[in-house]
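Visitor: Be aware that the sequence shown starts at 246, since it is given in the UniProt record's numbering, and climbs by one per residue. This is the structure I want to talk about, given as structure tokens.
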Amino acid sequence: LLNEYEHYMRKEIFDQPKALRDTLAGRLTEDGVELAELAAAWDAGLFARVRKIDIVASGTSYHAGLIGKKALEQLLHFPVAATYSSEFVHEHANLDETNLVILLSQSGETADTLSALREAQKYGCPTIAITNTAGSTISRKADCTLLTKAGPELAVASTKAYTAQIATMLLLAVWTAQRMSSLQPTQVADLLAALRQLPTDVESTLIMIDDAIDQLAQVTYDQESLFLIGRGLDYVLALEGALKLQEIAYIHADAYAAGEMKHGTMALITPGMPVIALATQTGSVFDKTISNIREVKARDAFVVGITTVSDDVLADEVDEVMYIPETHPLLMPVLAAIPLQLLAYYAGTVRGNDVDRPRNLAKSLTVE
Ligand code: F6R
């Protein structure tokens, strides 16, 4: 099963092009998205009263949900909230049948997410599960299920399921937008083209970045703590990168919205402190991130920038720069996740950790 790979985590990182191809297959059509699993429920009027969307999940699945939130907001102009499952059970307000609740869970068995599903159903909310496990409890109990087709994920850390969840959220966003707001295919032509190209872009990213990240891990693995900063979708991605570094490398890693460092956390920046700066979004987000990078550089942080191949600015601002291919902004977090997954993997292996089964954690969490 491992083939030439030393660990499941590495194999699953490299499985991502296939996981994405399988997840997109049959769903991306000439001019839009077809989700056969949802069509019957739609035609039966299950979603007719929906006015608000809640995305609910735990851990890495929650981070995929945050990207889904941005995609749904951009395409639907609908209020979309994303909440941790363990919080949703206490913290929901005014739930009723106008709230569509989307639950993301790789395993389909996470107790927190299952409780959140029950809570949503108590209030009559229509529910959609996005899960990697056909026949799982969450999938059986939700009104409809969209499967991510990442294949079995055996390492505790979620990697290929995470990127497949993002792709599935984007399919769902386009599909819903087509139906709810009679979106013209031309309005999302760029996004559809980028989705078609995504598995190949992930392949290129793996090739471009693998050795460079291995080398970076050799100089950062013994750090006590580090920061990841970014804005917008780059910030959401920073949250996932920090989780992976904590979970697999046992490095204290904090994600910060880049503009927030100066409101307190900058006090922790000391000379040589590693800061991973994500600058994969274009426009004003990029320019403002550069200003924030200058702020941490001024305190002599060791800054590693991650950006796209078309950028020629970042290299002059940071100590090291890593380039990844460019795609649609909503899909950049898929490509930019790869260096962060690999960094956690390499740093964890250099530190002698059991990267497939990190301490104190389990793959499927059946307690709340
Ligand atoms: C982190 C990780 C966990 C899971 C979380 C939810 O790498 O794997 O944070 O994402 O426990 O699990 P699922 O998606 O199975 O509900």
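Cβ coordinates follow ideal geometry from the N, Cα and C atoms, glycine included. Just so it is clear, the structure is predicted and the values come from calculations on it, not from any experiment.
Can you tell which of 513, 364, 428 has its C-alpha closest to the C-alpha of residue 317?
Guide: Checking every option, the nearest Cα to that of residue 317 belongs to 428.
Visitor: Does the beta-carbon of residue 401, which I'm using as the reference point, lie nearer than 7 Å to any heavy atom of the ligand F6R?
Guide: Residue 401: yes, Cβ under 7 Å from the ligand F6R.
Visitor: Is residue 267 helix, strand or coil by DSSP?
Guide: DSSP places residue 267 in helix when its eight states are reduced to three.
Visitor: Can we say the region 565-583 touches the region 380-395, given the rule of at least three CB pairs closer than 8 Å?
Guide: With the cut-off at 8 Å, the region 565-583 and the region 380-395 do not touch.
Visitor: Which word fits residue 508, buried or exposed, when buried means at least 16 other C-beta atoms lie within 10 angstroms of its C-beta?
Guide: By the 10 Å Cβ count, residue 508 comes out exposed.
Visitor: Considering only the alpha carbon of each residue, which of 547, 485, 441 lies closest to residue 468?
Guide: For the residues 547, 485, 441, the minimum Cα distance to residue 468 belongs to 547.
Visitor: Grab me the residues of residue 313's own chain with a C-beta within less than 6 Å of its C-beta, minus the 5 sequence neighbours each way, in chain order.
Guide: The answer, listed in chain order, is 300, 414.
Visitor: Sort 462, 275, 311 by Cα distance to residue 597 and report the nearest one.
Guide: It is 462 whose Cα lies nearest to the Cα of residue 597.
Visitor: How many Å lie between residue 293 and residue 492 at the Cα?
Guide: Between residue 293 and residue 492, the C-alpha separation is close to 41 Å.
Visitor: If residue 297 and residue 344 are in contact, beta carbons under 8 Å, what's the gap, nearest whole angstrom?
Guide: Contact holds; Cβ gap of about 5 Å.
Visitor: Any idea what DSSP makes of residue 253, helix, strand or coil?
Guide: In the structure shown, residue 253 sits in a helix (DSSP, three-state: H, G or I).
Visitor: Using DSSP's beta-bridge definition, name the partner residues of residue 497.
Guide: Note: residue 497 sits in a beta bridge opposite 470.
Visitor: What residues are listed by DSSP as bridge partners for residue 299?
Guide: DSSP output for residue 299 lists 326, 346 as bridge partner(s).
Visitor: Got a sec: does the ligand F6R put a non-hydrogen atom nearer than 7 Å to the Cβ of residue 585?
Guide: Not so, every heavy atom of the ligand F6R lies at least 7 Å from the Cβ.
Visitor: List the DSSP bridge partners of residue 374.
Guide: In the DSSP output, where bridge partners are listed per residue, residue 374 has 348, 390.
Visitor: Between residue 506 and residue 540, is the Cβ-Cβ spacing less than 8 Å?
Guide: It is a contact, given that the beta carbons lie within the stated cut-off.
Visitor: If we call anything under 8 Å between Cβ atoms a contact, is residue 418 one with residue 265?
Guide: No, they are not a contact pair.
Visitor: Does the structure place the region 351-360 close enough to the region 317-336 that three or more beta carbon pairs sit under 8 Å?
Guide: With the cut-off at 8 Å, the region 317-336 and the region 351-360 touch.
Visitor: Measure how close the beta-carbons of residue 586 and residue 489 come, nearest whole angstrom, since I'm counting them as under 8 Å.
Guide: Correct: roughly 6 Å between the Cβ atoms.
Visitor: Per DSSP, residue 425 is paired with what?
Guide: Answer by DSSP bridge pairing: none, since residue 425 is not bridged.
Visitor: For residue 572, name the three-state secondary structure that DSSP assigns.
Guide: Coil.
Visitor: Which residue marks the beginning of the alpha helix (DSSP H) containing residue 523, and which one marks its end?
Guide: Unbroken run through residue 523 is the beta strand (DSSP E), 519-524; no alpha helix (DSSP H).
Visitor: In the structure shown, what three-state DSSP assignment does residue 551 receive?
Guide: Strand, per DSSP.
Visitor: Sorted by chain position, which residues of the same chain lie with C-beta nearer than 6 Å to residue 448's C-beta, five sequence neighbours on each side aside?
Guide: Contacts found: 262.
Visitor: Any idea if residue 601 is buried or exposed, counting beta-carbon neighbours within 10 angstroms, 16 or more meaning buried?
Guide: With 16 or more Cβ atoms within 10 Å of its Cβ, residue 601 is classed as buried.
Visitor: May I have the straight-line CA-CA distance separating residue 287 from residue 370, to the nearest angstrom?
Guide: Straight-line Cα distance between these residues: approximately 14 Å.
Visitor: Whole-angstrom Cβ separation of residue 487 and residue 466, contact assumed at under 8 Å?
Guide: Not really, about 16 Å apart at Cβ, beyond 8 Å.
Visitor: Classify residue 277 as helix, strand or coil using the three-state DSSP reduction.
Guide: Here residue 277 sits in strand by DSSP.
Visitor: Would you call the region 526-541 and the region 469-482 in contact, with 3 or more CB pairs under 8 Å?
Guide: Contact holds: three or more Cβ-Cβ distances are below 8 Å.
Visitor: Beta-carbon separation of residue 347 and residue 375 under 8 Å?
Guide: Yes. Within cutoff.
Visitor: Give me the DSSP bridge partner(s) of residue 477.
Guide: None; residue 477 has no bridge partner.
Visitor: Out of curiosity, what's the CA-to-CA distance linking residue 590 and residue 607?
Guide: Near 17 Å, if we compare the C-alpha coordinates of residue 607 and residue 590.
Visitor: Of the choices 527, 582, 289, 611, whose alpha-carbon is the least far from that of residue 389?
Guide: Residue 389 has its Cα closest to that of 289, out of 527, 582, 289, 611.
Visitor: Tell me where the alpha helix (DSSP H) around residue 318 begins and ends.
Guide: Here the alpha helix (DSSP H) through residue 318 covers 304-321.
Visitor: Would you say residue 523 and residue 551 are within 8 Å of each other, going by their C-beta atoms?
Guide: Yes; because the gap between Cβ atoms is below 8 Å, this pair is in contact.
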